[in-house]
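Asks: If you read the sequences in order, they're chains D and X.
Going by our numbering, the first residue of the first sequence is number 1, and it counts up by one from there.
Going by our numbering, the first residue of the second sequence is number 1001, and it counts up by one from there.
Here's a structure for you.
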Amino acid sequence: MICTGVNMHLKSMLTLLATGLLVSSNVLSQEVNIYSYRQPHLIEPVLSRFTEQTGIKTNVVYAKEGITERLKREGRNSPADIVLTTEIGLLLELVENDLVQPIQSPLVTTHVPANYRAEDGKWVGLTLRARSIYASKERQVAKDLNYEDLADPRFKGKVCTRPGKHPYNIGLIASMIASKGEAETLKWLQGVKDNLARKPQGNDREQVKAIKEGLCDVSLGNSYYLGAMLSEPSERAWAEAVNIVFPNQSNRGTHVNASGVAMTRYAPHPDTALKLVEFLTDTEAQKIYAEVNFEYPVKPGVPSSALVSSWGEFKRDNLSLPEMAKYRAAAARLVDKVDFDG
Amino acid sequence: MLLLCLPVAAILWLAANPEENPWPHLLETVLPNYLYNTFALLIGVGACSVGLGFSLAWLFRFYDFPLKRFFSWALLLPFAMPAYIMAYVYTDFLSYTGPLQAMLRKGMGWTGASEYTFPEIRSLGGAIAMFSLVLYPYVFLTARASLQNVSDHLIQAARSLGASPLSTLLRVVFPSVRPALAIGLALVSMETLNDYGTVSYFAIPTLTFGLYDAWLTMGNVGGAAQIALVLISVTLVLVLVEWLSRNRGMRQASGTRPGRQLPQALTGWRSGLVLTYLTSLLLIAFAVPFCILLYYAVSLFEQNWTPRFTQYAINSMSLAASTVILLSLLSLMIAYVQRIKAQDRHLLTRIAMLGYAMPGAVLAIGVLVPLGGFDNWLSDRLTEYWGISSGLLFSGTVFALLYAYSCRFFTVSFGSVESGLMQITPAMDQVAQTLGCKSPEILRRIHLPLLRPALLSSAIIIFVDVIKELPATLLLRPFNFETLATYVYQYASDEMIHHSALAALLIVAIGIVPAILLNRFSETQKNP
């Protein structure tokens, strides 16, 4: 008798709990949950515009690493709807771990060119960034450079870069392997290492500073860093010391990587998530990305910021992103092999 | 106790199922380099921190000099400064492109790097300096708390029996504070081992760097977990060596009230020397980086102040306070049971102590595995019986954060409570028992008052550590949940240290409060 009493008590409590959960999930259905590899200050302007327009609340967890692990462990009860990433490798990692579902939207298909999204919609590119070369204005470095030139003896002791293991450099090296093979890339990487002015360190901004201070003449850097530095009063003088060069214009083109988005496999709010993805690929959000972060919009016809446009059009390496990403692990091994960062 | 071991167990489990074996490639290429850097860093940081920390504790215990009270809390401040912030600030200031060298070049008319030599801050030596400057307070704190319990009479007895100051130090003082020093040193080593932010910024490839590389660049979680296990075994060896040597040594009896003859007043050049030492340490370890941050913060105040800082600060502080309370109770309980049963550390206790040696992000993954597993299991059972789902009960909540912090900082709290209890001779318990005291009363009236310095010092370390903690917080936190550390990081990670200076200063400011409080307590204890 006592036992059944306890049991009934437990049951009614659980029912209550269940109703509570159901009610709360109903009330909160106008929201979308985001796990983001991209920093809050970069995506906030876009997200707040989205909320203004649609009334859908956005909830964000930003983490620099480990989102894949978190999704894996949370499994089918994960609250996340979409994941924002800084580059293609992270998107493909989600796909490989079977953590995503196709984004099926005619709007997204029209917004994003086919080479910047997965055919099955499992990832969608949002913005593009070029791996450019910064060249000293003062030392009058010629502007028709190829990545290959960084290994040329004429730049002996004149090259700066962030560590080879950084995803942006790994991406570049992987694209090199894709086009020239591993042996050739190894030789090139050794050549670049021999040309280094100092041990690889800092991020892309730091290299621009080093050029201004005369430590080196050329460095690798993502295109948007220069935009960010030019618009930051305390960093403007550094940025003005360099020209931005888009390498390999007479051959395969400049290496380009994409930031992107994927929808999680068990997304509890697939409808609002889809709305957000559609918004992110549409003109308004693309413009904010272009203006605030100096990235290249993925949607054709959306203009870059005035500053970025002033750098001119350039030819992109049309190697497909997943094809490039295949060689990332090989690229990382090459970096170890020549002890690039040591 | 078992709960605290789960994350370590989870990493073991991951390590048993690697995506690919990382070792052949590492052995063939960069492993020797990783090992060299790791051990050089460990030895360098260990030696410098103990040197700084113990010398300070020694000075404060046995000598009087001007401004002693001020220095006694001011010299604790550096550890409110996260190591990576210190590294960013100093690099910004001292590197080739920084203002100091640019000014030198201008002033001296140098045109390039080849014309002069300036120590490279982004080097092994630079990293050792950065770590030692933020970590020496661990040794200082633990050594100071423990030195307070060393009786003056004992020292005077040694001296009157003809022992020189040096041999008194080595043969009387040192054995008695060794457990505390060992704890401090273990903390320092583990902090050094588990750091990723600073070594990657300085481009010093250590084992931890290799771990992240295996995980993030090669996508090999299991391989990364294996490297984590190597890191843990390094710590294990350190702790074991200390523990073995301690067993052979004596248990130091003390507890007599310190006599009045010590500390001894320093005058003349001696006091000048001590003051110069303390002042320059304070300048380098705190004042200079603090002022640089302050300068950034003030010049960009308009742009960066947001009222949300209050919320971030509250989040940071309530997490820190909850962890402190949780861990103090827990370790007191465990250490006490251990004492009453007169047994050695339980195996589980020892495993739980390893949480601190793991890089934060690895521990976070270790936490995700059991929490996610439990949540999904519970939800499945509920769906099975009642057709409803509980969703994720713990994952992605503040609970997950507290759990991770508890696993991570258990060592700090348990270590100092245990070493504190060890300094209290069992004879005292026996006397109390003879006088009719029951165990709870012994704890309340004898042990707790004597443990107060140890408990307080671990409390302040944990409080500040939680406020600084970054990788686990980043990964495990709930939606829209920001702490001061995570806020600082979003800019600092992009080398926009200027924009995070304001929040970084808040972290330091919050760290100052417990430092002062701690000092108050230990002052009142000295002069009741």
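Yeah, the Cβ is synthetic: ideal placement off N, Cα and C, and Gly gets one too.
At a CB-CB cut-off below 8 Å, which residues of chain X make contact with residue 215(D)?
Replies: 1096, 1097, 1112, 1113
Asks: Are at least three pairs of beta-carbons, each pair with one atom in the region 1186 to 1199 of chain X and one in the region 1354 to 1361 of chain X, less than 8 Å apart?
Replies: yes
Asks: Tell me the DSSP bridge mates of residue 297(D)?
Replies: DSSP, once it has assigned bridges, lists 127(D) as partnering residue 297(D).
Asks: Is the number of C-beta pairs between the region 156 to 174 of chain D and the region 278 to 297 of chain D that are closer than 8 Å three or more?
Replies: no
Asks: Would you check if the distance between the CB atom of residue 296(D) and the CB atom of residue 174(D) is smaller than 9 Å?
Replies: no
Asks: To which residues of the same chain is residue 1199(X) closer than 6 Å at the C-beta, ignoring the five residues directly before and after it?
Replies: 1206, 1209
Asks: Suppose contacts are defined by Cβ-Cβ distances below 9 Å. Is residue 134(D) in contact with residue 207(D) by that definition?
Replies: Taking a C-beta distance under 9 Å as the contact criterion, residue 134(D) and residue 207(D) qualify as a contact pair.
Asks: Can you give the Cα-Cα distance for residue 1030(X) and residue 1065(X), rounded to whole angstroms?
Replies: 50 Å
Asks: Which residue wins for smallest C-alpha separation from residue 81(D), given the options 87(D), 94(D), 234(D), 88(D)?
Replies: 94(D)
Asks: Following the continuous beta strand (DSSP E) through residue 82(D), name the residue where it begins and the one where it ends.
Replies: 82 to 85
Asks: How many angstroms separate the CA atom of residue 1112(X) from the CA atom of residue 1118(X)?
Replies: 12 Å
Asks: Just to confirm the assignment, what range does the alpha helix (DSSP H) spanning residue 34(D) have?
Replies: Residue range 31 to 36 is occupied by the beta strand (DSSP E) that includes residue 34(D), with no alpha helix (DSSP H) assigned at that position.
Asks: Could you spell out the range, first to last residue, of the alpha helix (DSSP H) harbouring residue 175(D)?
Replies: 167 to 180
Asks: Go through its chain and collect everything with a Cβ distance to residue 1378(X)'s Cβ below 8 Å, but skip five positions before and after it.
Replies: 1390, 1393
Asks: Output yes if chain X places a C-beta closer than 9 Å to the C-beta of residue 191(D); else output no.
Replies: no
Asks: Could you tell me whether the Cβ atoms of residue 57(D) and residue 30(D) are closer together than 9 Å?
Replies: Yes; because the gap between Cβ atoms is below 9 Å, this pair is in contact.
Asks: Taking only the alpha-carbon atoms, compute the straight-line gap between residue 301(D) and residue 1108(X) and give it to the nearest angstrom.
Replies: 53 Å
Asks: Pairs of beta-carbons, one from the region 1053 to 1063 of chain X and one from the region 1131 to 1139 of chain X, closer than 8 Å: are there three or more?
Replies: yes
Asks: Using the three-state DSSP reduction, which class does residue 1438(X) fall into: helix, strand or coil?
Replies: coil
Asks: Checking contacts by CB at 9 Å: is residue 1046(X) closer than that to chain D?
Replies: no
Asks: Should residue 238(D) be labelled buried (16 or more other beta-carbon atoms within 10 Å of its own) or exposed?
Replies: buried
Asks: Indicate the three-state DSSP secondary structure (helix, strand or coil) for residue 27(D) in the structure shown.
Replies: Note that residue 27(D) scores a pLDDT of 46, beneath 50, so its modelled location is shaky; the value from the coordinates is reported in the next line. Three-state result, residue 27(D): helix.
Asks: Contact between the region 168 to 188 of chain D and the region 1015 to 1022 of chain X is defined here as three or more beta-carbon pairs at a separation below 8 Å; is this criterion met?
Replies: no
Asks: What whole-angstrom Cβ distance do residue 97(D) and residue 51(D) have, given they're in contact under 8 Å?
Replies: Residue 97(D) to residue 51(D), Cβ: 30 Å. No contact.
Asks: With a CB to CB cut of under 7 Å and the five nearest residues on each side skipped, what residues in its chain are close to residue 246(D)?
Replies: Excluding sequence neighbours, residue 246(D) sits near 130, 132, 254, 314.
Asks: Which residue spans inside the region 60 to 117 of chain D form an unbroken alpha helix (DSSP H) run of at least 4?
Replies: 67 to 74, 88 to 96, 106 to 111
Asks: Does the beta-carbon distance from residue 150(D) to residue 220(D) come in below 9 Å?
Replies: yes
Asks: Taking only the alpha-carbon atoms, compute the straight-line gap between residue 1165(X) and residue 1099(X) and give it to the nearest angstrom.
Replies: 46 Å
Asks: What is the residue span of the alpha helix (DSSP H) that residue 1334(X) lies within?
Replies: 1308 to 1340
Asks: On the premise that residue 1322(X) lies in contact with residue 1402(X), defined as a C-beta separation below 8 Å, what is that separation, rounded to the nearest angstrom?
Replies: 6 Å
Asks: Work out the CA separation of residue 1365(X) and residue 167(D) for me, nearest whole Å.
Replies: 21 Å
Asks: Mind checking whether residue 1033(X) and residue 339(D) have CB atoms under 9 Å apart?
Replies: Against a cut-off of 9 Å, the Cβ pair of residue 339(D) and residue 1033(X) comes out as a contact.
Asks: The alpha helix (DSSP H) with residue 1198(X) in it runs from where to where?
Replies: 1197 to 1201
Asks: Relative to the alpha-carbon of residue 1155(X), which residue among 1144(X), 1170(X), 1385(X) has its alpha-carbon at the smallest distance?
Replies: Closest by alpha carbon: 1170(X).
Asks: For residue 9(D), I'd like the list of residues in its chain whose CB is within less than 7 Å of its CB, leaving aside the five on either flank, ordered along the chain.
Replies: With a pLDDT of 48 at residue 9(D), under the threshold of 50, the modelled position of this residue cannot be trusted, and the question is left open.
Asks: Note down the Cα distance separating residue 1503(X) from residue 256(D), rounded to an integer number of angstroms.
Replies: 34 Å
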